[in-house]
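Note sheet for the following structure.
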Amino acid sequence: MSTRSNAASAIHGAITSPASKGSAISTFASSGAIVNMVPNLYQIAQSGTPAVFHVAAESVDADLNILRGDYSDVLVGRETGLVYLTSNSVQEAYDVAILAHAIAAGTQQSVIHILDGVQTSQQVETIKTIRDQDTAAFIKNESRAPVANQDEDALVNAIEKIFDRASALLGRQYKAFEYSGPKDAETLAVVFGPAASSAHHLGDKVGVLNVRLYRPWSFSHFLKAVPSSVKNVIVVEPVAQSAVPGPIFLDVSASFNLWTGAHRPVVVDAKYGHHGTSLTQGWLKALIQQAASSKKVDFTAVVAAEDFKDDVSQVIFWETAASASVSAHVAQHLQSALGHRVQHSSNVNSYRHTAVVESRVQFSKNTSASSASLASYASVQDVAVLAEYNVVDSLKHGAVLVLNAPWSVEELEAKTSAAFRFALGAKQIQVLLIDLNNVAKELGLAGVGKTLLGQITFLKTYSANLRDASFGAIHKQYETSNSQLLKEIIATLIERVDKEVIEVPQNPNWLAIELGEADQAALALPKHVLPTVRGFANAFDSANVTGDEGEPVSEDGDVVLGKTSNWHQAAWQLLFSEAYESKQELADEGHAYLVKITENRRLTPTTYDRNVFHIEFDTTNTGLKYEIGDALGIHGWNDTQEVLDFIKFYGEKPETIVVVPRALPKNAPEVTVPRHQTNSLLQVLQQTLDLFGRPSKRFYADLIPFAKNEAERERLAFLISAEGANEFKERVEETLTHADILREFPSAHPSIPQLINMLPAIKPRHYSIASSQKAHPNSVHLLIVAVEWVAPSGKQRYGQCTRYLTSLAVGDNVTVSIKPSVMTLPPSPHQPVIMAGLGTGMAPFRAFIQERAWQKAQGIEVGPMILYFGSRNRANEYLYGEELEAYHADGLLTHLRLAFSRDQKEKVYIQNKMNEDGTLLHKYLLDASLSGHFYLCGPTWPAGDVKDAIMQSFMDGEKCAAIDANRIVNKLKEEERYVLEVY
């Protein structure tokens, strides 16, 4: 469900529609959406037809940091009259979703089911499910005798009876208020939301009351669940801190007005909305102890005791975007091999040149385990992180810390801060060193291979108890036809990891280090990456994310690394193609075709300022198939001489061999082995990378670290700053290219592998096909205008693809691909076709006419065709004029309406010609026996006037108002009988 104003109107309309009577209506929304739904929720609550809202609760602060513990948004609707249920784990989310629909059916009340949108969504857990038919039968049975119009206590009774009946089906018992703990508890923690999963075993005399059913709130059910011995009540609620009492606190306090015990308990409000990341069993215990003793809450003073025994294990991976998939694989192994309940979460620091990902894997045999406060293991992929985060602060005493670094023990001493070494000594951390980058390089690992190396490093350095089962899980995950080879690879990696790991002995001198102010500041560095709203970019995207050493990262997190080589490697790949699995093929095999030019003819006079040309390609034996209306993608090349000039400027040789990774298809199995293509530097810059495309701000930013000249570095930084916005805009208008920027800032000189990773790929340019494959079985035609313009500086600029095409001769090969389009002929050949094309917008209509001509030649009766064609003047731009006149004379093109805007004193456009044919347009489009289709192709600017002409024909023919004519046009759009392809 969209997060926008009145988004719930669709649901309200659905439940009040007679067609929806008796139907189960359900929606999934974010908690932010509830804020906008409140007006509609009042109406939905009173409608008498229930709906169920499954709401993922999370919120975002001004810096786009995700706040786990803030349910403020979803609680905004608490007074609307809807039932509020909450779940706090994957299993509970499944169970409560079923209960929500059963309650809606059995009470005729709409229900909001709140689940933890941050934690639950990141858990990997095996849950117990029931058959769909059993679920449906249970819900249907509850709907047979619905209860309605009850007071709150009676309604809660009815809901609890549904809970009781569901227990046999689900195998778990739920209640409105669920108490756990000693019968003689003196302190009671009332929890709602995420805190429930961590709130257990909080002390000898501490009980926990989980609010499962928040609305309606029943005073009697609440008080019945509270032990009579309770003296202190701490309401732990997921809302932001403020001076105003929290909503759960108000309900709890009001309930105690009916307390019959000897002494009314003291109720303390603990609003932890901004402390969701701290929610651990130990932290909650410290919070409860503080609140019970001081009768107030000071979150800054709440510190979880390190010696508190969490019942869940935690490991932390400080990863780069390149290695972020390692922790995800580890989580899968722990779940599949050991059957543990596993939570995997990743937070990204996106405000850093090289992204840092803090991934936490928490696992436990206990299905109701809480979150761990401290980790027993951490792995750091980029040691630069040590200067930005206090990674030791998140570790338990005696934990293991693995550093990926090319260091010896002595270099560790020299290259790390005094504060870091002091922290290691204070907690007696076991440090292990391994240079994974060098291992991967020597073994030739990339992509899946590097991910596998990371997994094996974890398993070898974490716990012997996990190894055998987890190695079996790895074999299963990377299942291959050559299992013996996989075993040998794993054995090789295990042997290499064992050989390379350096164990750093404990140094007693670390504890004796005297810390200065700077060292104290280092100890105060953050120990977590705050979660932010962010995604990973594609490797060849201009805004790519970089990994280790500036290596870009693919969507699945694997490093995409271009590198230079020598001619020997290319020769080996060709000589021993079977061993290297080398192939000579197109870069985009499976989607691209190699076709040969058979005609490349200019249609406009050479003296005319616009070069419109017709080009034909031979498709014989290529397997290329296309439909009417499809577009042909041209995989253009950069100008050869310009590329050679750039390579010379850059101090490189055109024949340098470059190995570039091939992007895997998005749906490729994870075990798919990454492949590479080998080209010369000239080929890569000419055919693959958009060297002469317009650079984004990210390209400027990526150049900054390479700029050796201070003035150039400052200049690059200024151009992408807010102060440099106007000048950057001028650069965009000038159409400066990547090559221009590299020439302007010569000290910013990335290596060829680095430059390859910074430049985006050349994207295919798509042109509407101007031919019918039925009429031309072995060829495909295009109608194109050459793109040329003069920049503000006076420099002549050219469109990359059209410049490429105009330079080609008959016999040259071109790589092409097919892209489907909405421009398709009507399903029946008898239906009228009305076409409006401007300039090269004529292309798909030539294909339409050829298709109908072929049908007519087969003896098929075809319907009328109208063409409105517009251009500047007949002498220069009557494109395919002779063909059109011939089709018109033959009667196939029943109406040919020409609008040459500059051939007379007053300009005439296609919309003027359409206004003259109002009666005809009305008949062909609205006569039910004809059901004609209308198409417009060309530039955007006439679309409004063309629509006005169509609407005027409807207003005249139907005698209706403009608003009604507009509705008719919209209906034609919905029926795909009014189709626009404008640009």
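First residue of the sequence shown: 1, per the UniProt record's numbering; consecutive thereafter.
Heads up, the beta-carbon is just placed ideally off N, CA and C, and yes, glycines get one too.
Provide the residue(s) that pair with residue i in DSSP beta bridges, ordered along the chain.
| i | result |
| --- | --- |
| H614 | R601 and L783 |
| F934 | I834 and Y978 |
| V315 | V361 and Y377 |
| F177 | V211 |
| E710 | Answer by DSSP bridge pairing: none, since E710 is not bridged. |
| T320 | V356 |
| D116 | A57 |
| Q904 | DSSP, once it has assigned bridges, lists no residue as partnering Q904. |
| R797 | W789 |
| H344 | V361 |
| K271 | E237 |
| F458 | Its beta-bridge partners do not exist; DSSP assigns none. |
| L867 | M835 and L896 |
| I434 | N404 |
| A189 | V208 and I234 |
Assuming residue i contacts residue j (C-beta within less than 8 Å), just tell me the rounded distance between them.
| i | j | result |
| --- | --- | --- |
| L493 | I456 | 5 Å |
| V235 | D269 | 5 Å |
| T27 | I11 | 6 Å |
| H766 | G633 | 5 Å |
| L681 | I628 | About 42 Å separates the two Cβ atoms, so there is no contact after all. |
| T461 | V402 | 5 Å |
| F53 | H113 | 7 Å |
Residues in the same chain with beta-carbon distance under 7 Å from residue i, minus the five sequence neighbours each way, listed in chain order, please.
| i | result |
| --- | --- |
| W510 | R421, F422, L424 and G425 |
| R967 | none |
| A761 | F540, T688, L689 and D690 |
| G48 | Q108 |
| P764 | G633, I634, H635 and S817 |
| T135 | I98 |
| S167 | Q173 |
| A631 | H766, Y767, S768, I769, K819 and S821 |
| S72 | S59, V239, A240 and G273 |
| F649 | R743 |
| K415 | W407 |
Closer than 6 Å by C-beta to residue i: which residues in its own chain qualify, once you throw out the five before and the five after it? Chain order, please.
| i | result |
| --- | --- |
| F728 | L719 |
| K697 | I720 |
| G863 | H830, Q831 and P832 |
| D435 | P406 |
Tell me which same chain residues have a C-beta within less than 8 Å of the C-beta of residue i, skipping the five on either side of it?
| i | result |
| --- | --- |
| residue 1007 | Here the chain has residues from 1 to 983 only, and residue 1007 is not among them. |
| P216 | V83, E152, L155 and V156 |
| W567 | With a pLDDT of only 40 at W567, under the threshold of 50, the placement of this residue in the model should not be trusted; the figure read from the coordinates follows. Only E655 and I657 meet the Cβ criterion. |
| S417 | L386, A387, D519 and A522 |
| A961 | M955 |
| K205 | P182, D184, A185, E186 and T187 |
| P508 | G425 |
| L515 | A418, A419, F422 and L523 |
| R731 | L719 |
| S364 | D311, V312, S313, H340 and R341 |
At a Cβ threshold of 8 Å, is residue i touching chain C?
| i | result |
| --- | --- |
| P746 | Here there is only one protein chain, and chain C is not present. |
- Quick check: the segment 848-855 against the segment 945-952, are there 3 or more CB pairs under 8 Å? Counting Cβ pairs under 8 Å, fewer than three are found: no touch.
I'd like the ranges of any alpha helix (DSSP H) spanning at least 4 consecutive residues and lying wholly in the segment 381-420. 409-415
- Message: Is it the case that the segment 929-945 contacts the segment 903-919, given that we only count it when at least three CB pairs across the two stretches are under 8 Å?
- Response: Proximity of the segment 903-919 to the segment 929-945 meets the contact definition, three or more beta-carbon pairs being nearer than 8 Å.
task: Count the CB pairs spanning the segment 771-787 and the segment 838-852 that are closer than 8 Å, and state whether there are at least three.
output: yes
Q.
Any contact between the segment 190-203 and the segment 153-161? By contact I mean 3 or more CB pairs, one from each, below 8 Å.
A. no
- Scan the segment 870-897 and note each continuous alpha helix (DSSP H) run of 4 residues or more that stays entirely inside, going in chain order. 874-877 and 881-890
>> So, does the segment 606-617 touch the segment 868-883, judging by three or more C-beta pairs under 8 Å?
In response: yes
Which residue spans inside the segment 609-655 form an unbroken alpha helix (DSSP H) run of at least 4? 640-649
The segment 175-185 touching the segment 98-110, judged by at least three CB pairs closer than 8 Å: no
- request: Output the residue ranges of the beta strand (DSSP E) runs that lie fully inside the segment 35-64 and measure 3 residues or longer, sorted by chain position.
  value: Assignment of beta strand (DSSP E) within the segment 35-64, counting only whole runs of 3 or more residues, yields 51-57 in chain order.
- Would you check if the segment 385-399 and the segment 522-531 touch, i.e. whether three or more CB-CB distances between them fall below 8 Å? yes
- Item | Segments of 3+ residues assigned as beta strand (DSSP E) that fall wholly inside the segment 690-771 | 765-768
Counting pairs of Cβ atoms below 8 Å between the segment 800-812 and the segment 593-603, do you hit three or more? yes
Q | Entirely enclosed alpha helix (DSSP H) segments - the segment 483-527, minimum 4 residues | A | 483-500 and 517-523
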